[in-house]
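In numbering that gives the first Met the number 0, the protein residues as written are 0 to 63. We put the CB at the ideal spot given by N, CA and C, even for glycine. Note that the structure is predicted; figures quoted are calculated from it, not measured. Worksheet: the structure to be examined is printed underneath.
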Amino acid sequence: MNLQEFESQTRNNIERALTQLQTATLLLSALEIQILESGDTVKNLSLTIEQFINTQQDSETTIV
Numbered sequence: 000m001n002l003q004e005f006e007s008q009t010r011n012n013i014e015r016a017l018t019q020l021q022t023a024t025l026l027l028s029a030l031e032i033q034i035l036e037s038g039d040t041v042k043n044l045s046l047t048i049e050q051f052i053n054t055q056q057d058s059e060t061t062i063v
């Protein structure tokens, strides 16, 4: 392997590594958004359950 081949291979590998890191960063950003949205969904579910329980308790109190 001569100097030009070495430089070319090194350049190609650095380019590939940078592309992979960029892809990983974009995937990480998308994952962060997905986690935040999942958290919002769980929060909404919790509120729905809490409202249902309160409604059931109010109904039982009214009946008794």
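Check: In angstroms with no decimal places, state the Cα-to-Cα distance between residue 59 and residue 25.; Outcome: 51 Å
Check: Going straight from the alpha carbon of residue 37 to that of residue 4, what length do you get?; Outcome: 49 Å
Check: Where does residue 1 fall in DSSP's three states?; Outcome: coil
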